[in-house]
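These notes are about the structure you will find just below.
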Ligand code: UTP
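Residue numbers (our numbering): 14 to 305.
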């Protein structure tokens, strides 16, 4: 019997420099795709996977995230008075219960590995999930729910995996594959951002992880890499052979919302996926296409 995945860590301490000036005073994770902030998509994905505790690793200027996951009594009472039931539901329905959310500060943005390490005391000695809100995934099943299902089978560490074009390997952590089934691939090695000629495969790591708590010991030991950052990939590479380690080729499409073009792409795809918007958005796209 595998230990259940009850907790999820959301590292939201990054500076979001690729999205300046939008992220000068607003957290990247609060950027809306259609009408919902990126971080809410990630939290709802975690809820759908059975997560009960939500741990945010924040930094300066991220208060809007805390407010978003709180009650907004004034707004709620106005909407109630005006009998706007749908809107009321849209601001309360998904808010986790009191005590389910906790925050810790990263203080210095020393990288994703450092952010995850900051959650050690809140996670404790149990396996947990990590979700990067800027990797937005459009899927029916829910990427983390699929990963939890795979975890219940094979245990250990699971990373979300996606096959990318050979010329894009430089943008991702890339898996050195062992036994490769259609969906589940054994991870025999991890290489950070290899040039296409040096990449051990085309299978990239995406921002969803199920990790064993021993990752914290490795994070304590890995030396700082480029820019003084502590890389999560370096700690994960040390766990290969220590725990079962797999990549799951999830269903659905991932959008890199930390990147401006990826973010626009996500907005179009998510709007087209909504029955209340599809027609109008298709008409706009046809119109734009004519002007090209
Ligand atoms: P990114 O590599 O996208 O970095 O981080 P960033 O700082 O957010 O954005 P850019 O590259 O400057 O535009 C991937 C994830 O790791 C988190 C980010 O919030 C994002 O979810 N992160 C990154 C931290 O929490 N702390 C860090 O020190 C770095």
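Here a beta-carbon is modelled for each residue, glycine too, at the ideal position from N, C-alpha and C.
Residue i - partner residues in DSSP beta bridges
i: residue 216; result: 176
i: residue 223; result: 142, 171
i: residue 202; result: 189
i: residue 289; result: DSSP, once it has assigned bridges, lists no residue as partnering residue 289.
i: residue 114; result: 67
i: residue 23; result: 69
i: residue 268; result: 149
i: residue 258; result: 170
i: residue 253; result: 256
i: residue 197; result: 261
i: residue 46; result: 49
Beta-carbon proximity of residue i to residue j, cut-off 8 Å
i: residue 150; j: residue 265; result: yes
i: residue 223; j: residue 18; result: yes
i: residue 306; j: residue 209; result: In this structure the chain extends from 14 to 305, so residue 306 is not present and cannot be described.
i: residue 23; j: residue 144; result: yes
i: residue 259; j: residue 204; result: no
i: residue 195; j: residue 227; result: no
i: residue 89; j: residue 104; result: yes
i: residue 117; j: residue 174; result: no
i: residue 114; j: residue 82; result: yes
i: residue 47; j: residue 287; result: yes
i: residue 263; j: residue 159; result: yes
i: residue 26; j: residue 70; result: yes
i: residue 15; j: residue 168; result: yes
i: residue 72; j: residue 38; result: no
i: residue 101; j: residue 276; result: no
i: residue 201; j: residue 253; result: yes
i: residue 271; j: residue 41; result: yes
i: residue 245; j: residue 170; result: no
i: residue 261; j: residue 163; result: yes
i: residue 267; j: residue 148; result: yes
Check: residue i C-beta below 7 Å from any heavy atom of the ligand UTP
i: residue 32; result: yes
i: residue 53; result: no
i: residue 163; result: no
i: residue 25; result: yes
i: residue 128; result: yes
i: residue 125; result: yes
i: residue 313; result: No statement about residue 313 is possible, as the shown extent of the chain runs from 14 to 305 and does not include it.
i: residue 74; result: no
i: residue 304; result: no
i: residue 145; result: yes
i: residue 28; result: yes
i: residue 183; result: no
i: residue 122; result: yes
i: residue 241; result: no
i: residue 324; result: With the chain running from 14 to 305 in the structure shown, residue 324 is simply not present.
i: residue 70; result: yes
i: residue 63; result: no
i: residue 119; result: yes
i: residue 275; result: no
i: residue 271; result: yes
Residue-level contact to chain D via CB, residue i, 8 Å cutoff
i: residue 147; result: Here chain D cannot be found, since the structure has a single protein chain.
beta-carbon residue i near the ligand NAD non-hydrogen atom, thresh 7 Å
i: residue 127; result: The ligand NAD is not among the ligands present in this structure, which contains only the ligand UTP.
Is there contact here, the region 155-167 with the region 51-67, by at least three beta-carbon pairs under 8 Å?
yes
Are the region 176-196 and the region 222-240 in contact at 8 Å, needing three or more beta carbon pairs?
no
Is it the case that the region 282-297 contacts the region 47-55, given that we only count it when at least three CB pairs across the two stretches are under 8 Å?
yes
Are there three or more Cβ pairs, one per stretch, closer than 8 Å when the region 123-143 is compared with the region 30-50?
no
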